[in-house]
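In what follows, a single structure is set out as structure tokens and then discussed.
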Amino acid sequence: MICVVEYGKHIGTLRNLFPDKQQALAFAQRIIDLSDGEYQSIGPHQWYCREKKEFVKIEAMRN
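For the sequence shown, my numbering begins at 1279 and goes up steadily by one.
This is how it looks when you write it as structure tokens:
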């Protein structure tokens, strides 16, 4: 499973699970596209919005 993690001061931590990385990437891109702030890449599959102080990150779930 692949997890899209959103976290920030005003939203707490949200985790969304997906069966594969392609679906997770599409979801993360949707979050970024619909945001009223500008996200910048800060690493592989990690983005940060300075205005909102929020992160979006894709990570593999560990057993």
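Using N, Cα and C, we set each Cβ at its ideal position, and we do this for glycine too.
Problem - Runs of beta strand (DSSP E) wholly within the region 1280 to 1337 (minimum 3 residues, chain order) - result: 1280 to 1286, 1290 to 1296, 1317 to 1321, 1324 to 1327
Handout entry: Close beta carbons around Leu-1295, own chain, < 6 Å, minus the five adjacent residues each side
Key = Met-1279, Cys-1281
Problem - Beta-carbon proximity check, Ala-1306 vs Val-1334, cutoff 8 Å - result: yes
Practice task
Give the straight-line distance between the Cα atoms of Glu-1337 and His-1323, rounded to the nearest whole angstrom.
Solution key: 8 Å
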